[in-house]
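Read through the structure below, which is laid out as structure tokens, and then see the notes.
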Amino acid sequence: MSFQTRRKIVRRARRGAAAAVKNLSVRLYDWRKKNDLSQSEAALKLKVSKRTLQEWEQGRSQPRHLAMAAITSAIGRKI
Numbered sequence: 001m002s003f004q005t006r007r008k009i010v011r012r013a014r015r016g017a018a019a020a021v022k023n024l025s026v027r028l029y030d031w032r033k034k035n036d037l038s039q040s041e042a043a044l045k046l047k048v049s050k051r052t053l054q055e056w057e058q059g060r061s062q063p064r065h066l067a068m069a070a071i072t073s074a075i076g077r078k079i
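Numbering (my numbering), first residue to last: 1 to 79.
So, in structure tokens, the structure goes:
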């Protein structure tokens, strides 16, 4: 496999990962607004810091596996 081909594959994978993070960000934000929760209240419900929730909603970071389980449990549906 050539370097150019590998480069294209990596770029596509990154775009897919970025889309997944954005999707999660939007879903978290929508869930919080739908339930009329402040970021502090939502963070307490998800058992994370307010800053962590902000990072997730802004797409700057993404939750790890255990945090995803907590989010799914709190929101009541799969993300």
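All C-beta atoms in this analysis are idealised placements derived from N, C-alpha and C, irrespective of residue type, glycine included.
Model, not experiment: these values are computed from the prediction.
DSSP three-state assignment for residue i, whether helix, strand or coil
| i | result |
| --- | --- |
| Asn23 | helix |
| Arg60 | coil |
| Lys50 | helix |
Supposed contact pair residue j and residue i - C-beta distance, whole angstroms, cut 8 Å
| i | j | result |
| --- | --- | --- |
| Gln39 | Lys47 | With 8 Å as the limit, Gln39 and Lys47 do not qualify as a contact, their Cβ atoms being about 14 Å apart. |
Boundaries of the alpha helix (DSSP H) in which residue i is found, first to last residue
| i | result |
| --- | --- |
| Leu37 | Premise fails: Leu37 is in no alpha helix (DSSP H) and is neither H nor E. |
| Ser73 | His65 to Ile75 |
Span separating the alpha-carbon of residue i from that of residue j
| i | j | result |
| --- | --- | --- |
| Thr5 | Asn23 | 27 Å |
| Gln62 | Trp56 | 6 Å |
| Lys45 | Ala74 | 7 Å |
| Gln54 | Gly76 | 20 Å |
| Asp36 | Met68 | 21 Å |
Environment of residue i [buried if 16+ CB atoms lie within 10 Å]
| i | result |
| --- | --- |
| Arg64 | exposed |
| Leu28 | buried |
| Arg60 | exposed |
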